[in-house]
Amino acid sequence: MNFSIREGKITDMPSVLELIKELAHFEKEADAVVISVADLKKDGFGNSPLFKTFVAEIGQEIVGMALFYPRYSTWKGPTIHLEDLIVKKSKRGLNIGSSLYNEVIKYGNTLGVKRIEWVVLDWNTPAIEFYKKTGAHILDDWKTVQIDELAIKNYLETL
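See the structure below:
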């Protein structure tokens, strides 16, 4: 089955949101998505875009996407954070995910970034094995830390 990879456009955001929701379901966090199409359009295509996407298409159907954004390492310099990479369940096994991954890596190389980083769930063995085969390092000694909106507000009330 033929597919193509291209930069995401503002008109792709409804499909991107559906893929985000599918990923959240896969990650057993189906109710965690609160972002809207309007948010994606504003945040990705406003005056100061916060992210970039690549999408995979079969015909006119978007079947996968990679969403990433710039970061800065105080040790290394410019980096990219790959936030999400997802392919519709019905289209997995067609090398679409690896093609999206490759496009992000090529883009980062074009920018001259010093590192591309992302997180992977410890139970997602196929993804971990794929990443290792590409030369990526899985950092077992680091823990992801997050403070959500409610915790931010609660913490600030204690100051």
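To convert, take the position in the sequence shown, counting from 1, and add 102; that gives our numbering. C-beta: ideal position from N, C-alpha, C; glycine also. Please read all numbers here as calculations on a predicted model, not as lab measurements.
query                                                                                                                                                             : result
Please state whether the Cβ-Cβ distance between residue 143 and residue 115 is less than 8 angstroms.                                                             : yes
Less than 8 angstroms separating the beta-carbons of residue 156 and residue 108?                                                                                 : yes
Please classify residue 128 as buried or exposed, where buried requires at least 16 other C-beta atoms within 10 Å of its C-beta.                                 : exposed
Report the option in 251, 244, 219, 113 whose CA atom is closest to the CA atom of residue 237.                                                                   : 219
What does DSSP give as the partner residues of residue 217 in its beta bridges?                                                                                   : 181
How is the beta strand (DSSP E) around residue 131 delimited, first residue to last?                                                                              : Segment: none, residue 131 is in no beta strand (DSSP E) and carries neither H nor E.
Using DSSP's beta-bridge definition, name the partner residues of residue 157.                                                                                    : 108, 167
Report the residue from 136, 196, 170 whose alpha carbon sits nearest the alpha carbon of residue 251.                                                            : 136
On the criterion of 16 or more Cβ atoms from any shown chain inside 10 Å, does residue 103 qualify as buried, or is it exposed?                                   : exposed
Express the C-alpha separation of residue 132 and residue 205 in angstroms, rounding to a whole number.                                                           : 27 angstroms
Quick one: what's residue 188 bridged to in DSSP?                                                                                                                 : 167
Can you list, in chain order, the residues of its chain whose CB lies under 6 angstroms from that of residue 145, leaving out five sequence neighbours each side? : 152
I want to know whether the stretch 160 to 174 touches the stretch 182 to 190 - three or more CB-CB distances under 8 angstroms.                                   : yes
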